[in-house]
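To start, the structure under review is shown below, and the notes come after it.
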Amino acid sequence: MLMEFSILGPTELTVEGRSIPLGAAKQRGLLAILLYHAGDPVRIDTIVELLWQGSGVDARRPLLYTLASRLRAVLRTVGLQDALVRVPGTGAYRLTVDPDLVDYHRFLRLTAEAQQAIGRDQHDRCVALLSRAIELWRDDPLADLRGARCEHLRRDMREKQFRAAKLLAESELSTGQHDRVLTRLEPLLIENPLDEGLARLWVTALNAAGRTYDAHDFLMAYRRRYRRTMRTDPVLDVADLLPSAPARNHLAALEGATVPVPRQLPNDVPDYTGNTGLLDELDALAAEGGKAKVVVLTGMPGVGKTTLAGHWGHRRQSWFPEGQLCLNAEAHGPVSPIRPQEGLHRFLVALGVPTERIPDDPDRRVALYHRLMAGRRMLVVLDNVVDSDQAQQLLPRSDTSLTIVTSRDRLRGLSVRHGIQTLTVAPLSGPERHRMLSRIIGPGRADAEPAALETLARLSGGLPLALRVIGEHVGSRPEVRLGELADELANRLLDIEGDETDEMTLRTVFAWSVNALAPLPARLFLLLGLCPGSTIGVEAAAAMLSVGAAEAERALDRLARAHLVNHDTVRRYRMHDLLRQYAADRARVDEPAGQRRAALHRLWDWYLLTAFHAVSQLEPDRPPVPDLPETDAVTPVTFTSDGAALRWCEAERTNLLALVRSAATEGFHRHAWQIVDTLHEVFDRSGSQEEMREMLEIALEAATVEGHDLGRLGTLANLGTTYFTSHDYQRAGALFAQALQLAREKGFTELQMVCRHNLASVQLRSGATRTAIETFRQVLTDCRTAGYATGEAFTLYHLGDAYRQLGHYGQARRLYQQALAICDRIGSLRGQSLNHVGLAGLGLDTGQPETALAHSRMALDLHNRVTDEGIRCDALTVSAEAQLRRGRHHEALAEATLARAVGDELADPVRTARALAVLADALDATGDHEGAAARRREALDILDDTNDPQRQAIRDRLSTHHGPGRRAG
């Protein structure tokens, strides 16, 4: 099936030449964003900013869910069943499609191949590739997106198109097609009258066509126009392009000596990949006239800062006709950093000053350097700089030169004091690392084992140095399958040599940065390697170090300045996977075993006690897990609002599985089950249940290993609840029965109530309503006798559900109201929400849509404080049904659409199908019978994936329609 996505113009999807409808502008905009980042996660806050400039994430999240749900439905129609996913625990969406199906990514691939062809002097191939690439452009890119940030992306894409057009013209000139070049460049010159690269190509083409006088006249007019606009002379000169003109050399002489034009940049990388945005930014900064220009490239070890600077310098060599100076300042390496005076000495020698004429006096040496650089069009690269002071003494004062400084540190002092632009070099994206590794090892081996290639690219973490190490290792073993090499490198990558010296191992490169740190940041770096989560907050780091939060934050900031960690969000930090592996390996060597274990113990204590405080804020009547630690060694976070507690829980959700698995592996069994059992109810409210089940399985084994009967019993109950939430009542019932048996054996009377309550819930959902009522009545009596208010409230609520199923609506209403009153008294917001949803459903059952709407509104209002997506989905579905019965069809349509989106996010087939049934009726009511029929078919397909007894009632509702979607009869 021939499929193509287009974002080089309006967003489009065509299949076999047929255009697929993509919905409204925002939905097309969402698809454009995901296609631009094809294969990579895109954070929700980024999507919201691009779609709704200046809007808060929370305000737009419901609509984003709806757009994502609709987009999934479109993709399913063309066979892309699971292409759009919410990346678990990251707050991001990812669209997984072959980049070659997207016109923009195909354009990038073709232009990259064209640049390689030029490097091999294959200009005919370059012309063919770039012609195909430029033909892909139909109109303004990302045409369905608006706003300043989107315009920035558009400018970046247009600049790539512009560069491709100039590159094509260069190759056409090389193949003698000067007339075609003149035709191609004319409209570009009108739009870009000051671009020096275009002007150079235009003059060259005119000369090649024999129009020397036209070339001369254009060049003179261009220089006048440029000088008038930019207040400086352009690089282009008669001497550059018209051979008959006398040449001038700004570096003419020093006291009679002829000065060479230095070319000190290291050799370029022929297969350079990625960083197109940074290359464009360097172009833009260098093209600005009249001001001194200094750019700092900063980033983590091995990310390719030096290679980027050198590659850009070679690309723009014509912009600096009077040469390039380059100095490795040796900030990180086997030798001591270069003293600024030594650096000046090397530069002066390169500028033609005899060694014996170089002043010994530091001030005179600096003055001579600045005098020689004055007015020169030169590029100066200060590579591997240790700090701001080292760089500052080597910066030329000339306002016609560009200096690029590379450093692993952020050089804040330099930026603050001089107003210098700092650009951060990030690891390569997924498609970029895949493309680079394919080039290194060759397309034959890459195409033969795509899955293994993907694994190798992922192991690199996007570091070009790691990709080169992997590529050279693979290349030295031509007979070994990539899959076998991937397994080997997973454990040995840090120690594989990239060239003939061990200086190029990743371990050595990382060590240079870590060894330069002060003791506290260095120790924190090692301990972070032991921390199993993907991110860490200031307070957790303080617990590991056993210091105050302020001191830990200063240490984290120092690591961030050295790019050994990155800022994730406010006061949270993230470490690159390869750096984490290096830190962990080194911690096992440098940090004594007892100190490592003590740091982990403090970390688990901090997580457990902070989790306890969060849940106490959210559910104040809920008892804590047994045997919480009593310690003064850590300072857990406390919370004064439900919102703050929920934000902490959500931020740590991405870490929880790794934390629990690590705690169990390291022998902290009690912490493993206590952390999970503490947070279970919070995470049961939203998100994927698969991770929660895995954590509970680990917790159950940990409690069993420890021999903690209460821990084992509570974890069995929680694991059963997770299966219950996923509508797997058979497994839930088995686990609840196992927990009840254990409670009876150990004499845990109160926990027997909980277990019997849970078994009654299974009976109710399985259709054994009268048996469930009898069990609930017994539990209710026991809860009242024990004074267990929370248990009493939830038992009353479930009894309300049971009597409602039997059609005893008056009794159900009284039970819901009693439960609601208790929940209000004990401060259980979740309990209040549940009972409002129950009363709302009862309103529908009794023909009172106004009552249903009022209670569903109350539940939705509470959602902002409770954040239970299941309750929210139910409230939206009931509200949509109520709106439909009141004749407010468009309101019903909006709420049912959102309910369906929330059901999708929960991966809950029953809730999704129920919402789709209401949505189909709303579509029918608005006259969209085809849309209604499609939603009903979708709901029926979803119900095939579940055995929940409730599905039959939904099927019955759906089956009352036939034909194009109208009601029978």
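If you read the sequence shown in our numbering, its first letter stands for residue 947, the second for the next number, and so on.
Yeah, the Cβ is synthetic: ideal placement off N, Cα and C, and Gly gets one too.
Annotation for Arg1507: the continuous alpha helix (DSSP H) segment containing it runs 1495–1507. By the neighbour-count definition (other C-beta atoms within 10 Å, threshold 16), Gly1849 is a buried residue.
Just measuring C-alpha positions, the residue of Leu1554, Asp1141, Gly1250 sitting nearest Pro1410 is Gly1250. Within a 10 Å sphere around the beta-carbon of Tyr1159 sit fewer than 16 other beta-carbons, which makes this residue exposed. In the three-state reduction of the DSSP assignment, Glu1105 falls in the helix class.
Considering only Ser1480, Gly1777, Gln1684, the residue with the shortest C-alpha distance to Ala1663 is Gln1684.
One thing to note: Gln1620 has its Cβ within 8 Å of the Cβ of Val1571. C-alpha of Arg1534 to C-alpha of Leu1525: approximately 14 Å in a straight line. DSSP, reduced to helix, strand and coil, places Val1207 outside both helices and strands of the structure shown, so it counts as coil.
Rounded to whole angstroms, Ala1167 and Phe1266 show a C-alpha spacing of 22 Å. Taking the CA atoms as reference points, Met1521 sits about 32 Å from Lys1239. For Gly1408, the closest C-alpha among the options Met1382, Gly1390, Leu1314 is that of Met1382. The way I'd put it, the stretch 1595–1604 does touch the stretch 1475–1489; three or more beta-carbon pairs between them come closer than 8 Å. At the C-beta level, Ser1459 and Ala1508 come within 8 Å of one another.
The continuous alpha helix (DSSP H) containing Tyr1050 extends over residues 1049–1065.
Put simply, the backbone Cα of Ser1562 is about 16 Å away from that of Asp1551.
Below 8 Å, too few C-beta pairs join the stretch 1078–1096 and the stretch 1015–1029 to call them touching: fewer than three. For a cut-off of 8 Å, the C-beta gap from Val1708 to Phe1670 is around 7 Å, short enough to register as a contact. The beta carbons of Leu1405 and Ala1436 sit closer together than 8 Å. Ranked by Cα distance from Ala978, the first of Leu1088, Leu1041, Glu1400 is Leu1088. Taken through DSSP and simplified to helix, strand or coil, Asp1433 comes out as helix.
For Thr1515, the enclosing beta strand (DSSP E) begins and ends at 1512–1515.
Taking the Cβ atoms as the reference, Gly1793 lies roughly 24 Å from Arg1857, outside the contact range of under 8 Å. Assignment of Ser1608 by DSSP, reduced to helix, strand and coil, places it in the helix class. Excluding the 5 residues flanking it on each side, Tyr1011 has same chain C-beta neighbours closer than 8 Å at Leu1844, Ala1847, Val1848, Asp1850, Glu1851, in chain order. Between the alpha carbons of Asp1217 and Gly1417 lies a gap of roughly 12 Å. Within the same chain, and ignoring the five residues on either side of His1801 in sequence, the residues whose Cβ sits closer than 6 Å to its Cβ are His1782, Leu1785, Ala1786.
Apart from the 5 residues on each side of it in sequence, Leu1041 sits with its Cβ closer than 7 Å to the Cβ of Leu980, Leu981, Ala984, Ala1029, Leu1030 in its chain, given in chain order. Residues of the same chain with a CB within less than 7 Å of the CB of Leu1659, apart from the 5 flanking positions on each side, are Ala1685, Leu1688, Ala1689, Phe1694, Leu1697 in chain order. When the five nearest sequence neighbours on each side are left out, the beta carbons in the same chain lying within less than 7 Å of the beta carbon of Gln1635 are those of Thr1668, Thr1671, Ser1672, in order along the chain. With respect to Leu1225, Val1241 sits apart: the two C-beta atoms are not nearer than 8 Å.
One Cα belongs to Ala1798, the other to Ser1774, and the distance between them is close to 21 Å. Between Lys1106 and Thr1222, the C-beta spacing is below 8 Å.
When beta bridges are read from the DSSP output, Glu958 appears opposite Ser952. Uninterrupted beta strand (DSSP E) stretches at least 3 residues long and entirely within the stretch 1295–1330 occur at 1325–1329, given in chain order. As the crow flies, the alpha-carbon of Leu1314 is around 40 Å from that of Arg1500.
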